[in-house]
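Report on the following structure.
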Amino acid sequence: MKFVHTVLALAAGLSVAIASGESPSVRRLFRRNTTPSDVNGFKGAILLKNGQQTSCEVALMRNTYGFVAASCLDYLDKDAKSVNQSTIYEVAISGGNQVSYGTVMVSRVTPNPRYDPKTFANNLAVVEFTGNGGRYEFVNYIASWRPDWSSMYYVRRSMVSTMWNMPVVAPYTESSEDLAGCARANRLFLQNQKDMMCNKMSTPSPLNSTCSVPYGSVYGVNGVNIAIAALYSHSAIYGDNICGGNVYNYYTVMENYVHWAMSVLKTRVPVYHSRVAEYTENMNPEYTMTIPGQPSDIDGVKVVGGDIYRIKTEEVPKAEPEAKEGEKEKKGGLSIPAIVAIVLGALLVLGLALYLYRKKQKGKLGELSRVRKWWMFGGMGNRNSQGPPAYPTHY
């Protein structure tokens, strides 16, 4: 039981009262022992839109700002350059152990300018909020060096009305099998594995227990220390069943976007890494993933992201598998049997026309039976014309 409480405490997100007193270029959190009582010091948050809970978790950095997936915001344009300001954004903050720090209004959202809504590249935004007027002040750290992480904790936070559920936590260690499947299903991951995490893990949706959904956030574990490392980005679905089908879930690693966040916030962002000489920091505020060329999607795979709670199975368009050899004619034009039938039909019509022409030339058209003449020369449209014989004897 002690171990379970410890895992829950770690997975809820490390918080301390003040930031490190070290210089701006070296912001480290020193190791300390973790106990079950620390669970009340761990913070988490989720994004609300128009008063509704979303599946989008917020990676808190302080009590006034954090990261959120850019795909969780509403936009006025398909290129996701103009945020819909009519949507009411709020952040619900958990103080840990089902303690609520209340819900605060969002004052500004800033999507990464290099966010690509088609591929979900650079799928992060900075969200700023009021922080309850300083009533609850805290600092959360972003895990800033991936080699630190001996393992990961995948976390799903949720609420019932205004009450917090205990976070759902799943320890995970990367496997080559998962990574290979993730790369086959998504070209963005294939080209940016250092910036993403992926696996097939899921947990029952708090809004619909029959539907499995991805986890909301990922924490990197370094000995007895832990810090939030990644946020859910998108899913690659074989077919159209997002609720427990053949689905790979992808998460954006935040460490390379810290200096972009600093450029937005005009302040330092708290980060954690171990005290090792090998540590290097990405100081480029314009960092971007490699965006796949066209086509960016895999045949037979549909990619979805954003608020997964609002995506229903019937709303996911079916992704058609790649046509096999011999089936492509059906999609691109007439099949071979159809072409043969048309050619044979044309030859028969041509043969009949030549036959009639020769008969007319020889003055033998009169030898045709009454039935033939009735069908050929409009007897069906002439009410006064004589019909075919009741018992035709020959054609």
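Numbers -19 to -1, 1 to 376, taken from mature numbering (1 follows the signal peptide of the UniProt record, and there is no 0), label the letters of the sequence shown in order. Note that beta-carbon positions come from the ideal geometry of N, C-alpha and C, so glycine has one too.
- Boundaries of the alpha helix (DSSP H) harbouring F170: R168 to Q172, taken from the DSSP string.
- Taking P276 as reference, the option from T100, V90 and N93 with the minimal CA-CA separation is T100.
- Here the C-alpha atom of Q79 lies approximately 19 Å from the C-alpha atom of Q33.
- In this chain, the alpha helix (DSSP H) harbouring H240 covers V239 to L246.
- Burial state of I69 is exposed, judged by a 10 Å Cβ sphere holding fewer than 16 other Cβ atoms.
- Fewer than three pairs of CB atoms, one per stretch, sit closer than 8 Å, so the region 247 to 254 makes no contact with the region 183 to 194.
- Within its own chain, the residues whose Cβ lies closer than 8 Å to the Cβ of M144, once the five positions on either side in sequence are excluded, are Q79 and S81, listed in chain order.
- Counted as a single uninterrupted DSSP element, the beta strand (DSSP E) harbouring P152 occupies residues V149 to Y153.
- Residue burial is scored here from C-beta neighbours: D280 has fewer than 16 other C-beta atoms within 10 angstroms and is therefore classed as exposed.
- DSSP, read as helix, strand or coil, puts A258 in coil.
- Nearest neighbour of V285 by Cα position, chosen from H240, N263, S216 and D278, turns out to be S216.
- Of the candidates S198, L333 and I207, the residue whose Cα lies closest to the Cα of G47 is S198.
- Taken through DSSP and simplified to helix, strand or coil, S198 comes out as strand.
- Burial is judged here by how many other beta carbons sit within 10 angstroms of a residue's own beta carbon; T233 has at least 16 and is buried.
- Cβ-Cβ distances below 8 Å link I123 to A40, M42, F48, A208, I209, A210, M235, E236, V239, V250, P251, V252 and Y253 in the same chain, with the five nearest sequence neighbours on each side left out; the list follows chain order.
- The C-beta of N31 has fewer than 16 other C-beta atoms within 10 Å across all chains shown, which makes the residue exposed.
- Rounded to the nearest whole angstrom, the C-alpha separation of V324 and L331 is 11 Å.
- Contiguous beta strand (DSSP E) elements confined to the region 48 to 129 occur at 70 to 77, 80 to 92 and 106 to 110, taking only those with 3 or more residues.
- Judged by DSSP in its simplified three-state form, G286 adopts strand.
- In the same chain as S63, and ignoring 5 residues on each side of it, the C-beta atoms closer than 7 Å to its own belong to Y56 and L57, in chain order.
- From the listed residues F23, R127, V107 and T35, the smallest Cα separation to G76 is found for F23.
- Rounded to whole angstroms, L246 and V150 show a C-alpha spacing of 31 Å.
- No residue range can be given for N31, since it is assigned to no beta strand (DSSP E) and is classified by DSSP as neither H nor E.
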